[in-house]
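Enquirer: Got a structure for you, questions after.
Residue numbers (the UniProt record's numbering), protein chains in the order written: chain D, 1 to 442; chain G, 1 to 340.
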């Protein structure tokens, strides 16, 4: 392969392109595969859905703005926290960010009103319903016949904000995480981390991790890799869980440098300083290194769990249980049912159709048979009739003939009689004549 | 001092005559001081707020001693309690011969549950019970010389520093309790907020308080004279105080100060530029301690007493025999319980 050899020589020649000098026996070329995938993905663009949950006033909107360096919530479009909410709602905002030719369609799902009321029982329910509805949408889209356009709006990551009390998790935190750790990747964060001194922060983190293990809450786990460097980084992150973050987009001058931070009378808390808070770790983890892994775990683990649970519910009773469970998507067409049910339905349909066809054919056959029989009978009757008629005719003719014969006989007899008479007469006549002759002769 | 002022007002109509020699009336101040020092002072303070807001730390800082056990210490194995329990701890602290019996009433479990309906009820009940106790003692035929005063003089309510506005639970609590006791709201862990955020937060809280008709201490109606009004106005402009509490000391510019050390600086608790702890301490202890007690005795307790006796008047047999403390102005019903 000439091209292969050319590439080999290039790699050897400019040692620095790949960075590594490999001893190649020959060059096949499939090393170019990642580039192809890369180019295709870049063209397609990426999607990421992030959910932020926490009580109001914990700095969720500020953190989102800081993470993506945009003003998702600006004074013209104030975030949910500036609008008072009576009940827990789930709102989503979409933003398209571009960087280096790569498109990222970012969906931020916010939950204003969470944990704000006096009675917060079931405030997690709207969140669970939302996540389930997104899974369901994806499941339906997957089961469709035409699935070229499959938008993926499943929630890939949930950032849960813990208030910096310094004590431990609140009952609301534990309850929420227990209910959602099997549906979505939960990343717990300590909000407003500049409230605590480093020692308090350490102790708080330890306490939280202890409680998380006690209650058997499965937060997002960073995958183990074989690469030694990556493992070091992953271990560093794991030590500092849950991440204590500070958010800000205001730029302040510190020692001649312009940094993002919060200005206090006693100093400036820098957002991107690793010693002040764990913001950089969170950003690197979320965006730079683990975004794809989050999507994969959502797809392979949480979505599959949801799917198997849903389909198992259908199979168990043979009846579509989910119809009675108050589905969010109320469709009566086949789209609203799970695929297995659909297949069953189709099978049943097919079988019944076949049966019907069979029946119909039998019916038709019978009808035809009847008709034929009828026809035959009719013709039989007809024949009979004709036969009779013919017989009658024959008899009539016969009688006629007989009569004629009789007549003829009679005539013959009469003619014979006449002939005899004539003969007699003739005889008589001849006799007389003879007599006469005799007489005459005389 | 109070006594002096009262006598002043009761003599306001009479003409003021000048003295032409030293009589010694002012020595009565010394006598009062000596008596107070011998007898001592009682002060009951209640701290209310969610767990983790630094209540115990603040109380320790206020009285510069470990009067309150912090629930975040490593040895503490208590989990968050399921119901609001009231925890009363008394200490006698002494300064320059002046003894003070300080009682701190803590309220663990307040606002910590998922469902916080009626979490204020145990608190309201406790406050009314203390009034009832005092009333009983007063009504005795043979009264003690000094009735032990366990009434709550001041309630410090801790607001979490969200930066937005008052939460529903805050509004509910302050509405109900503000009618029976002097409430001083404070912004807890104020080192979370920058100065601008703090100002905005305070402004919004004041708006919310006014909108809900909540009256916090010092109330406008009880200002006696103009100079007091000026003083209280200044206080009212900076309510709620943004406080930070700590019991650790650090070195700053060669001085030992109480402060919190973070990687970006040291927050000095007693520095007025950093937080308003000093203002709160001055209000509570140095300037308005006696005022708090008086307001509690003259206004809140009297309201309770009037209501109670009016209720009893309807039914003579109930006088002094009923075991149920009244609710003054609170719409909740408390359970009947004998506490004598």
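Each residue gets a CB set at the ideal place from its N, CA and C atoms; glycine is no exception.
Quickly, what does DSSP pair residue 265/G with across the bridge? List them, please.
Expert: Answer by DSSP bridge pairing, in chain order: 262/G.
Enquirer: Can you round the beta-carbon distance between residue 189/D and residue 161/D to whole angstroms, since I take them to be within the 8 Å contact cut?
Expert: Between residue 161/D and residue 189/D the Cβ distance is about 6 Å, and since that is below 8 Å, they are a contact.
Enquirer: Tell me whether the beta-carbon of residue 202/D lies closer than 8 Å to the beta-carbon of residue 48/D.
Expert: No.
Enquirer: Return the first residue and the last residue of the beta strand (DSSP E) that residue 263/D is part of.
Expert: Looking at the DSSP string, the run of the beta strand (DSSP E) that includes residue 263/D is 257-264.
Enquirer: Can you find a C-beta in chain D that's less than 8 Å from the C-beta of residue 60/G?
Expert: False, the Cβ-Cβ gap to chain D never drops below 8 Å.
Enquirer: Check residue 144/G in the structure and name its three-state DSSP category.
Expert: DSSP places residue 144/G in coil when its eight states are reduced to three.
Enquirer: Could you tell me whether the Cβ atoms of residue 276/G and residue 243/G are closer together than 8 Å?
Expert: Closer than 8 Å, so yes.
Enquirer: Any beta carbon from chain D within less than 8 Å of residue 23/G's own beta carbon?
Expert: No, residue 23/G lies away from the interface with chain D (no Cβ there is under 8 Å from its Cβ).
Enquirer: Might you give, ordered along the chain, the residues of its own chain that have their beta carbon closer than 7 Å to the beta carbon of residue 58/D, omitting 5 neighbours on each side?
Expert: Hits under 7 Å: 161, 163, 191, 192.
Enquirer: Just the C-alpha distance for residue 199/D and residue 168/D, rounded to the nearest angstrom, thanks.
Expert: Rounded to the nearest angstrom, the two C-alpha atoms are 15 Å apart.
Enquirer: State the DSSP-derived secondary structure class of residue 342/G, mapped to helix, strand or coil.
Expert: Because chain G is modelled from 1 through 340, residue 342/G falls outside the range shown and cannot be assessed.
Enquirer: Give the C-beta separation of residue 263/D and residue 252/D to the nearest angstrom, bearing in mind that I take them to be a contact with Cβ-Cβ under 8 Å.
Expert: Correct: roughly 5 Å between the Cβ atoms.
Enquirer: If the criterion is Cβ atoms closer than 8 Å, does the pair residue 159/G and residue 185/G meet it?
Expert: It is a contact, given that the beta carbons lie within the stated cut-off.
Enquirer: Give the secondary structure of residue 196/D by DSSP, where H, G and I count as helix, E and B as strand, and everything else as coil.
Expert: In this structure, residue 196/D counts as coil in the three-state DSSP scheme.
Enquirer: Between 289/D, 108/D, 301/D, which has its C-alpha nearest residue 184/D's C-alpha?
Expert: Comparing Cα-Cα distances from residue 184/D to each of 289/D, 108/D, 301/D, the minimum goes to 301/D.
Enquirer: Mapping the DSSP letters down to three states, classify residue 150/D as helix, strand or coil.
Expert: Correct three-state label for residue 150/D: coil.
Enquirer: Considering Cα atoms alone, identify which of 381/D, 130/D, 235/D, 238/D is closest to residue 89/D.
Expert: Answer by Cα proximity: 130/D.
Enquirer: I think residue 121/D touches residue 267/G, with their Cβ atoms under 8 Å apart; what is that distance to the nearest whole Å?
Expert: At roughly 37 Å, the Cβ-Cβ gap does not stay under 8 Å, so residue 121/D and residue 267/G are not in contact.
Enquirer: Looking at the C-beta of residue 262/G, does it have a partner C-beta in chain D at a distance below 8 Å?
Expert: Answer yes: the Cβ-Cβ gap between residue 262/G and chain D drops below 8 Å somewhere.
Enquirer: For residue 348/D, I'd like the list of residues in its chain whose CB is within less than 8 Å of its CB, leaving aside the five on either flank, ordered along the chain.
Expert: Cβ within range, chain order: n/a, list empty.
Enquirer: In three-state DSSP terms, what is residue 64/D?
Expert: Three-state DSSP puts residue 64/D in a helix.
Enquirer: Let me know the alpha helix (DSSP H) ranges lying completely inside the region 230-293 of chain D, each 4 residues or longer, listed in chain order.
Expert: Segments of the alpha helix (DSSP H) lying fully in the region 230-293 of chain D: 279-283.
Enquirer: Per DSSP, residue 106/G is paired with what?
Expert: Bridge partners of residue 106/G: 47/G, 87/G.
Enquirer: Using three-state DSSP, classify residue 110/D as helix, strand or coil.
Expert: In the structure shown, residue 110/D sits in a strand (DSSP, three-state: E or B).
Enquirer: When you compare only the Cα positions, how much space is there between residue 139/D and residue 342/D?
Expert: Roughly 13 Å separates the two Cα atoms.
Enquirer: Under DSSP, the beta strand (DSSP E) around residue 186/D begins and ends at which residues?
Expert: First-last of the beta strand (DSSP E) with residue 186/D: 186-190.
Enquirer: Give me the residue from 127/G, 135/G, 305/G with the minimum Cα distance to residue 154/G.
Expert: Per the Cα distances, 127/G.
Enquirer: Could you check whether the region 84-95 of chain G touches the region 20-31 of chain G, counting it as contact only if at least three pairs of C-beta atoms, one from each stretch, sit closer than 8 Å?
Expert: Output reads no: the region 20-31 of chain G does not touch the region 84-95 of chain G.
Enquirer: Quick check: what's the CA-CA separation for residue 240/D versus residue 208/D?
Expert: So the alpha carbons of these two residues sit roughly 11 Å apart.
Enquirer: Could you tell me the boundaries of the alpha helix (DSSP H) in which residue 172/G lies?
Expert: 168-177 is the extent of the alpha helix (DSSP H) around residue 172/G.
Enquirer: Give a yes or no on whether the minimum CB-CB distance between residue 116/G and chain D is below 8 Å.
Expert: Yes - at least one Cβ of chain D is within 8 Å of the one on residue 116/G.
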